[in-house]
Amino acid sequence: MFTSSLIIPAVLIICHFHSARPQQSFPSIEQVGYPGHTQFGQQPALINSPQQPFLQDHFPILEPNGTEKPSQPHQHNPFIISRHWGNLSPMFSLPTNTFGIQSGPEVPLGCSINQVHLLHRHGARYPTEGTLLPQFGKFIHQAQVRKRNSSSQWGFGILEHLEAQNKQKLILFSSVRIITIQLGSEILTPFGRSQMFQLGTSYRQKYGFLLNFDPDLPQHDNQNETLPVFRTTSQHRMYHSALNFAAGFFGLPIEGKYHQSILIEHKGFNNSLAPYMSCPNSERPERANAGHRASQIWQESSLIETQKRLNQMVSGIQFSISHINTMQALCAYESVALGTSAFCKLFTPTEWEDFTYANDLELVANIIASLAEFWYSSSFGNPDATALGAGWAEELVESCLVVQPCRKISLMLMAVNNLMNQLARLTRISPTQSMTSINLTLDANPVTFPLDQNIYVDATHDTVLTAVLVALNLTSLAQSGPLPTDRRLEPRSFTSTHIVPFGAQLAAQVMTCPSAPGSSSSSKSIRFILNDAVVPVDGLQGCEPNNSTGLCDLHGFISGLQSRLAEIDYQRTCFGTT
Numbered sequence: 047m048f049t050s051s052l053i054i055p056a057v058l059i060i061c062h063f064h065s066a067r068p069q070q071s072f073p074s075i076e077q078v079g080y081p082g083h084t085q086f087g088q089q090p091a092l093i094n095s096p097q098q099p100f101l102q103d104h105f106p107i108l109e110p111n112g113t114e115k116p117s118q119p120h121q122h123n124p125f126i127i128s129r130h131w132g133n134l135s136p137m138f139s140l141p142t143n144t145f146g147i148q149s150g151p152e153v154p155l156g157c158s159i160n161q162v163h164l165l166h167r168h169g170a171r172y173p174t175e176g177t178l179l180p181q182f183g184k185f186i187h188q189a190q191v192r193k194r195n196s197s198s199q200w201g202f203g204i205l206e207h208l209e210a211q212n213k214q215k216l217i218l219f220s221s222v223r224i225i226t227i228q229l230g231s232e233i234l235t236p237f238g239r240s241q242m243f244q245l246g247t248s249y250r251q252k253y254g255f256l257l258n259f260d261p262d263l264p265q266h267d268n269q270n271e272t273l274p275v276f277r278t279t280s281q282h283r284m285y286h287s288a289l290n291f292a293a294g295f296f297g298l299p300i301e302g303k304y305h306q307s308i309l310i311e312h313k314g315f316n317n318s319l320a321p322y323m324s325c326p327n328s329e330r331p332e333r334a335n336a337g338h339r340a341s342q343i344w345q346e347s348s349l350i351e352t353q354k355r356l357n358q359m360v361s362g363i364q365f366s367i368s369h370i371n372t373m374q375a376l377c378a379y380e381s382v383a384l385g386t387s388a389f390c391k392l393f394t395p396t397e398w399e400d401f402t403y404a405n406d407l408e409l410v411a412n413i414i415a416s417l418a419e420f421w422y423s424s425s426f427g428n429p430d431a432t433a434l435g436a437g438w439a440e441e442l443v444e445s446c447l448v449v450q451p452c453r454k455i456s457l458m459l460m461a462v463n464n465l466m467n468q469l470a471r472l473t474r475i476s477p478t479q480s481m482t483s484i485n486l487t488l489d490a491n492p493v494t495f496p497l498d499q500n501i502y503v504d505a506t507h508d509t510v511l512t513a514v515l516v517a518l519n520l521t522s523l524a525q526s527g528p529l530p531t532d533r534r535l536e537p538r539s540f541t542s543t544h545i546v547p548f549g550a551q552l553a554a555q556v557m558t559c560p561s562a563p564g565s566s567s568s569s570k571s572i573r574f575i576l577n578d579a580v581v582p583v584d585g586l587q588g589c590e591p592n593n594s595t596g597l598c599d600l601h602g603f604i605s606g607l608q609s610r611l612a613e614i615d616y617q618r619t620c621f622g623t624t
């Protein structure tokens, strides 16, 4: 009898949900009930700890030269290939003094954080349209067809020098054409989704205490609270980056815990997270292709010996410089998509450093020139990069104009002829016009762009993030000057692996700090954290140089950035004929 009393309720529960329709056979947790005892704790505030977590690995991606188990605890390889893929590298935490500031991302002693603004790149993705991977796959496939009866089943092989003292090893490649198709295009890889989930989790762990409600509580307990608004674009990888971030930050299910603002990423729509869509001149070949031309010049000189070495390892086929650069890119793409790649070990550490440099030239040559121009001649540099980054920078300024507490006024700084609107922003009155890339329909509406959040999260692209750095005038990143194309500049202050890897993150921390050591009075300050390293803001007037913590007085920062942005002629830059 005792046994039957346990079995009968179970049978009743199963029968109650029995249905020929699958969706009715698997009821939701709300229908099932029985959640067990639950008790929610306080929100985490890890950013206030004197020690901070640092991301150093990319589980479950296999490190190309570190897949073997270490023979001793904490044993590391001195050269990490995945940190030499340029903007195709996964994000890792930079050393504290990367940009010359000894302070880490933790809140400085005596300060309290009021607000954080996160601008992050999407997670790892498959190749985008326009890459040379399909052409390379076709090239390999044709070679396989021509030599079907040669020494290997695919018709050719590559002899790889694993180490100088080791014998050569034959690497057999399957159809790269098929692999390229399997890689997909444009969207996030599974690892890329994991990156965004982890980023969301880390920000909840660090800044959860800034929320004005508890996302863990049932929705009906938060009905009177205003939900935060996070922003992304309509592009597939952007939208899904935002969703995975939210899943990590809020926990599943995410419904009813925040609002996702989706800015249309398409020509004809203003969008500060994809500003090139509303700036036609940025796509003119003489401007858009400058970095590509610089990268090609570098590849033609740096890959000559590599080309000779690899061509000696094959028969019936000859690799061009472009093929070799594509094989290096395949190492990165396959690794973040499939977890590993046979292409990675074909290249030496020096060749990987050269690959990073080629990516630096491709992605940020114009950006570096813009910042370096200001660094050396006190001009405001290349107008294209500044104009493209101006939208987000202006939105950031407005978010800091209200300082009790500093809250986000979702509006744009205009050019000099619109200074009256700056006064309106100080009074929390939305402007009615804009001269840049912001979507005024969304930004002037406090529902879609709130005025009172403490945590802001925007997802964007690598090129936009670099443009924002120029608009903010973070000149320390260009301290080593423009990049030459006839040699690899070492050391250099701006490298794409450090600045815009997959999952890159730029955070602006707004905090209250003592006005002076030991003082009872306080003032508002701001600073920037790029991939967990503090970046100096002394390129702006009003920000103290050589600040040991990277802090800038908030009023000085606002004034300096207003002056910086007032120099931008967005209309001429994006629509002018000269």
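Note that our numbering has the sequence shown beginning at 47, numbered continuously upward.
Backbone N, C-alpha and C fix where the C-beta goes; we use that ideal spot for every residue, glycine too.
- Shown here for L409: same chain residues with a beta carbon closer than 8 Å to its own, the five before and five after excluded, namely G132, N133, G337, D508, T509, T512, S542, V546 in chain order.
- Within the same chain, Cβ atoms closer than 8 Å to the Cβ of F548 are found at N133, L134, S135, P136, M137, R167, H168, G169, A170, R171, G238, Q241, V382, the five residues on either side in sequence being excluded.
- Where C559 is concerned, the enclosing beta strand (DSSP E) starts and stops at 551 to 560.
- S539 counts as buried, since at least 16 other C-beta atoms from the protein chains shown sit within 10 angstroms of its C-beta.
- Our two residues, T235 and V78, have alpha carbons roughly 33 Å apart in a direct line.
- One Cα belongs to L611, the other to S522, and the distance between them is close to 18 Å.
- Contact annotation, T144 with A579: C-beta distance approximately 4 Å; criterion of less than 8 Å satisfied.
- Looking only at E301, Q306, D400, the smallest Cα-Cα distance to V275 is reached by Q306.
- Spatial neighbours of N111 in its own chain (CB-CB distance under 8 Å, excluding positions within 5 residues in sequence) are listed in chain order as N123, F125, I126, I127, C390, K391.
- A distance below 7 Å between beta-carbons, with the five flanking residues on each side excluded, links T558 to the following residues of its chain, in chain order: C157, S158, N160, S568, K570.
- Put simply, the backbone Cα of F182 is about 7 Å away from that of T372.
- Around the beta carbon of L155, fewer than 16 other beta carbons sit within 10 angstroms, so the residue counts as exposed.
- In the pairwise beta carbon analysis, the segment 581 to 592 is classified as not touching the segment 184 to 192: fewer than three pairs are separated by under 8 Å.
- Separation of P299 and Q364 (C-alpha to C-alpha, rounded to the nearest whole angstrom) is 53 Å.
- According to the DSSP secondary-structure assignment, L165 is paired through a beta bridge with D504, L552.
- Listed as beta-bridge partners of R538 by DSSP are no residues whatsoever.
- For I308, no alpha helix (DSSP H) run applies; the uninterrupted beta strand (DSSP E) run containing it begins and ends at 305 to 309, by DSSP.
- Measuring C-alpha to C-alpha distances from G87 to each of G254, V162, T487, A439 identifies G254 as the nearest.
- Comparing alpha carbon positions, the residue from F574, F621, C598 closest to L164 is F574.
- For the pair E311 and T247, the Cα-to-Cα distance works out to about 26 Å.
- Buried is the label assigned to L518, since at least 16 other Cβ atoms lie within 10 Å of its Cβ.
- Within its own chain, the residues whose Cβ lies closer than 7 Å to the Cβ of L263, once the five positions on either side in sequence are excluded, are F86, listed in chain order.
- F291 is classed as buried because its beta carbon has at least 16 other beta carbons within 10 Å across all chains shown.
- If you look at A579, you'll find it in the beta strand (DSSP E) that goes 579 to 581.
- Taking one beta carbon from each stretch, the segment 338 to 355 and the segment 139 to 153 have fewer than 3 pairs nearer than 8 Å; the two do not touch.
- Considering only H83, N317, A378, T142, the residue with the shortest C-alpha distance to L108 is A378.
- The beta carbon of S139 is closer than 7 Å to those of F100, L101, Q102, N577, D578 in its chain, skipping five residues each way along the sequence.
- Between I93 and S318, the C-beta gap is not smaller than 7 Å, which leaves the two residues out of contact.
- Where S381 is concerned, the enclosing alpha helix (DSSP H) starts and stops at 367 to 384.
- DSSP places S248 in the uninterrupted alpha helix (DSSP H) bounded by 236 to 253.
- Distance from the CA atom of V503 to the CA atom of H130, rounded to whole angstroms, is 28 Å.
- With 16 or more other Cβ atoms inside 10 Å of its own Cβ, R534 counts as buried.
- Around the beta-carbon of F185, 16 or more other beta-carbon atoms lie within 10 Å, marking it buried.
- Straight-line spacing of the CA atoms in T278 and L289 works out to 9 Å.
- Contact between E232 and H286 is absent: CB atoms are separated by about 11 Å, not below the 8 Å threshold.
- For E76, there are no CB contacts under 7 Å within the same chain when 5 residues up- and downstream are skipped.
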